[in-house]
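What follows is one structure encoded as structure tokens, with my remarks underneath.
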Amino acid sequence: PHREIDGQVYVGEVKEKEKAKKEYEKAVSSGQTAGLVKASGRKMEKFSVSVNIAAKSSVTFILTYEELLQRKLGQYEILTRVTPKQRVQEFQIVADIYEPQGFAFVEATATFLTNDLLSLVEKTVTDTKAHVSFSPTLEQQRKCPGCEGTVIDGDFIIKYDVKRETNLGDVQIVNGYFVHFFAPPDLPRVPKNVVFVIDRSGSMSGRKIQQTRDALEAILKDLHEEDHFALILFDSSIFTWKDSLTKATEENVSEAIAYVRELRDRGATNINGAVLRAVRMLVEDRENDKLPERSVDMIILLTDGMPNNGESNLQTIQENVHSAVGGKMTMFCLGFGNDVDYSFLDVLCRQNKGLARRIFEGSDATLQLQGFYDEVSSPLLLDVDLRYPDNAVDHLTKNHYSQLFNGSEIVVSGRLINGDPDNFVPETDFRAQGKASMVNLEVSYPKQEYIFGNFSERLWAYLTIQQLLAKSGIGTQQEKDTATAKALNMALRYTFVTPLTSMVVTKPETEDGPDSSSRSSAASSRSRSNVDGDPHFMIELPERDDALCFNVNDKPGTIFNLVRDPKSGFVVNGQIIGKKKVVQDANTNTYFGRLGIIHQKLGVRLEVSTQDISVFHDGKQFKLLWSDAASIKETNVDFSLTKNCCLTVTLRHSVKFMVIRHKKVWKRRREHQDYLGFYTLDSHHLSASVHGLLGQFYHGVEFEVTDLRPGELQKNLDATMYVKGQTLNVTRHWQKDFSSHVKDGENIPCWFVNNDGTGLIDGGASDYVVSELFNTAF
1 PHREIDGQVY
11 VGEVKEKEKA
21 KKEYEKAVSS
31 GQTAGLVKAS
41 GRKMEKFSVS
51 VNIAAKSSVT
61 FILTYEELLQ
71 RKLGQYEILT
81 RVTPKQRVQE
91 FQIVADIYEP
101 QGFAFVEATA
111 TFLTNDLLSL
121 VEKTVTDTKA
131 HVSFSPTLEQ
141 QRKCPGCEGT
151 VIDGDFIIKY
161 DVKRETNLGD
171 VQIVNGYFVH
181 FFAPPDLPRV
191 PKNVVFVIDR
201 SGSMSGRKIQ
211 QTRDALEAIL
221 KDLHEEDHFA
231 LILFDSSIFT
241 WKDSLTKATE
251 ENVSEAIAYV
261 RELRDRGATN
271 INGAVLRAVR
281 MLVEDRENDK
291 LPERSVDMII
301 LLTDGMPNNG
311 ESNLQTIQEN
321 VHSAVGGKMT
331 MFCLGFGNDV
341 DYSFLDVLCR
351 QNKGLARRIF
361 EGSDATLQLQ
371 GFYDEVSSPL
381 LLDVDLRYPD
391 NAVDHLTKNH
401 YSQLFNGSEI
411 VVSGRLINGD
421 PDNFVPETDF
431 RAQGKASMVN
441 LEVSYPKQEY
451 IFGNFSERLW
461 AYLTIQQLLA
471 KSGIGTQQEK
481 DTATAKALNM
491 ALRYTFVTPL
501 TSMVVTKPET
511 EDGPDSSSRS
521 SAASSRSRSN
531 VDGDPHFMIE
541 LPERDDALCF
551 NVNDKPGTIF
561 NLVRDPKSGF
571 VVNGQIIGKK
581 KVVQDANTNT
591 YFGRLGIIHQ
601 KLGVRLEVST
611 QDISVFHDGK
621 QFKLLWSDAA
631 SIKETNVDFS
641 LTKNCCLTVT
651 LRHSVKFMVI
661 RHKKVWKRRR
671 EHQDYLGFYT
681 LDSHHLSASV
691 HGLLGQFYHG
701 VEFEVTDLRP
711 GELQKNLDAT
721 MYVKGQTLNV
731 TRHWQKDFSS
741 HVKDGENIPC
751 WFVNNDGTGL
761 IDGGASDYVV
771 SELFNTAF
């Protein structure tokens, strides 16, 4: 990226990851304007941006990036995730697409489009160019009449494909580098022999097992009659539907669907035994001539957890499977949810000519499962070799593929020797259904027009780096180290942000040095912190895509300090209440029932209980009932009260928070309990001295999680956490965040710290006890 800071443009530099981090942290500690872009996903598919803005500075952040569009299911997809969380004065999405082959179709849509917004998507398509734009006004972005929320929250998606001739490929040559896009049209599919290996351990309980059943039913119905299939279910034991693969006749598919509908969760997770059983089944059926000669063998593994039964050493499992497969079949892995060890599955599949995909928990998980299967369910070609004259090219990227699936594409890049295309004639060699074929690709190479003149060379470098990163997880330690070193050197040379490199943008110091007196004390990361329920404290860290959580227990009547900022005088204290009906000798459930909130500089004081809200401001006092609905704007504070739900308070140039009133009902026992949840929505104006059970985390917290292992409870994952100089044992939990979905809440995975957060919070929980609800002692 680059930044325009006070009218001056500064371009980012790509550096080795730790060097870039140190340079950024140095700039931040000095109060300078700076930015850091780093890859937070293993395969360069996810990036995070940290921004520090010096006091009284004006900054425009401009991120320019390049992406290789992967063809899937017969189309390319440009996806823009848009979650502004507020209405935007000048909102625009504009896409200009140039494809020299011409367009077969262009579609544009969004997950958040309403009937009113649909007409705002403008699309113009000519022979080789397409233009798509979406520019809603401030009023059109409004979620509902009179409310401040925005309807824009989701994905804006452009899908298209190009016209394809029957010459089996398109070659583009720019500045001495070529790119060959290989996607043959209209070929008959190759029959497949697929073994579905399905985790049904205890951690798959609830919606995951139901979504798996639904997806499997749809996938089985999609099998072709010339396909063969098998089902293996596993927990601590292994169960096969039949002892060998079965032809996908209508009768057999119906019988398999009935079997899948009885799928229930139970037991532990024996991945090693289940996958080896699948390999054995395919090998034995091949040896006994039960499968078509020209067909492709594949295993699809679906799991949501760590192996904790049978062989549990991850490297040993990978070695066992790789040895058993012996290059004779392809393995695909689907990792369900956030607790799965995705890196383990990724290596397991790449070692066996396949790939892994994470399936995110949510209402669309069934569609994600079906979508992945659709990508790999129709092999068209086997043993694809793309060959080029030895005397014409060098530095080729990967040019041999075990199979090519319907609707996908193979991309090969390399350098032309002497930059001369005259002797460049690609050959494709492959096996299709029933025969082997070799095709010469005779093409002319017209002059290409691109936004980036070195497009082909950078695409070659990108593919090479990706393939080196893949090798860095496989082979001997020396082979891994060599691949890592090569990938790092190329990433630095071609300025790619990768898992090994980051991009840093800093404003150089003037000759007089930085003016430390005018610098802000902005921190390098922010968190969203809240407390709700029995009291569950949660610190969400968006930059890390992770969260920490802990509980605090004490007797009813105890008052805890949640936030205190000595600079602004902002204080939040909360009083514990007990469950209405106390069972003798049982653990008492406690909740926050009263909150005392003060902002001394703005002269604001609120007392929030489960019955009402008392407001003191500028010498005035008024009371609101939870049964009211109100929107009140005062000089320095805004109140928004949603009936029987929640109160949102914005303190000007200070802090924004939400209080939710819950009504919990136990119908069988005819009991109910009202209690409060406190959610910090924006705290970045608070000083670096802010503290309290929640406040100490407002400016982020550095931690590292290692040694992931099965927990005592099969559904949980244990790990070791290093935080604040402490080494803690933590457990993967799920906590509810009600800030976005007040009625049902959103399940957030977090690392749970036992013993009232000891080791994570400063001191002990008792250190945060105060004597009065409006105690402001600092």
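So the sequence shown is numbered by UniProt numbering: it starts at 1 and just counts up by one. Where a beta carbon is used, it is the ideal one built from N, C-alpha and C, also for glycine.
Going by beta carbons, THR720 and ASP707 fall inside the 8 Å limit. Within its own chain, the residues whose Cβ lies closer than 6 Å to the Cβ of LEU220, once the five positions on either side in sequence are excluded, are VAL253, ALA256 and ILE257, listed in chain order. Distance from the CA atom of VAL412 to the CA atom of ASN399, rounded to whole angstroms, is 6 Å. VAL59 and ILE53 have their C-alpha atoms some 7 Å from each other. DSSP places TRP460 within a helical segment (H, G or I) once states are collapsed to three.
Taking the C-beta atoms as reference points, GLN101 is found no nearer than 8 Å to LYS159.
In the DSSP secondary-structure assignment, SER683 is not bridged to any residue. Within its own chain, the residues whose Cβ lies closer than 8 Å to the Cβ of LYS72, once the five positions on either side in sequence are excluded, are GLU375, GLY407 and SER408, listed in chain order.
Within a 10 Å sphere around the beta-carbon of SER378 sit 16 or more other beta-carbons, which makes this residue buried.
Excluding residues up to 5 positions away in sequence, PHE234, SER236, ASN309 and GLY310 lie with their Cβ nearer than 6 Å to the Cβ of ASN270 in the same chain.
When the Cα atoms are used, MET331 and VAL194 turn out to be separated by approximately 10 Å.
The stretch 747–757 makes no contact with the stretch 658–665, as fewer than three CB pairs between them are under 8 Å. Looking only at LEU492, THR650, ILE613 and SER502, the smallest Cα-Cα distance to PHE570 is reached by THR650.
Between the alpha carbons of ILE317 and CYS549 lies a gap of roughly 32 Å. Secondary structure note for TYR160: its beta strand (DSSP E) is the uninterrupted segment 154–162.
Runs of the alpha helix (DSSP H) lying entirely within the stretch 136–224, each at least 4 residues long, are 207–221 in chain order. VAL608 is a Cβ neighbour of LEU676, given a cutoff of 8 Å.
Taking a cut-off of 8 Å for Cβ pairs, the stretch 83–94 and the stretch 165–179 do not touch, as fewer than three such pairs fall below it. Within the stretch 584–647, the complete beta strand (DSSP E) segments at least 3 residues long are 590–599, 604–609, 612–617, 620–625, 630–633 and 637–642, listed from N- to C-terminus. Between the alpha carbons of ASP161 and ALA215 lies a distance of about 27 Å.
Straight through space, the alpha carbons of MET281 and VAL325 are spaced by roughly 11 Å. The DSSP-derived three-state label of PHE372 is helix. For the pair of segments examined, the stretch 350–366 was found not to touch the stretch 179–189: the number of CB pairs separated by less than 8 Å stays below three. The stretch 518–574 is shown to contain no whole alpha helix (DSSP H) run of 4 or more residues. Non-local C-beta neighbours of PRO185 in its own chain, meaning closer than 6 Å and more than five positions away in sequence, comprise ARG164, ordered along the chain. ARG286: member of the alpha helix (DSSP H) spanning 271–287, first to last residue. Using a Cβ distance threshold of 8 Å, LEU369 and ILE359 count as a contacting pair. When beta bridges are read from the DSSP output, PRO426 appears opposite no residue. Per the Cβ contact rule, the stretch 563–578 is not in contact with the stretch 623–630 (fewer than 3 Cβ pairs under 8 Å).
As summarised for the stretch 298–352, the continuous beta strand (DSSP E) elements at least 3 residues long and confined to that stretch are 330–336, given in chain order. Separation of LYS579 and ILE761 (C-alpha to C-alpha, rounded to the nearest whole angstrom) is 26 Å.
Just measuring C-alpha positions, the residue of LEU382, LEU488 and GLY725 sitting nearest PRO499 is LEU488. Shortest Cα-Cα distance from ILE748 to any of SER739, HIS741, GLN735 and LYS555 involves GLN735. Judged by DSSP secondary structure, ARG81 falls within the beta strand (DSSP E) whose first and last residues are 76–82. Note that the C-beta distance between LEU404 and LEU381 is below 8 Å.
PHE752 has its alpha-carbon roughly 48 Å from the corresponding atom of SER295.
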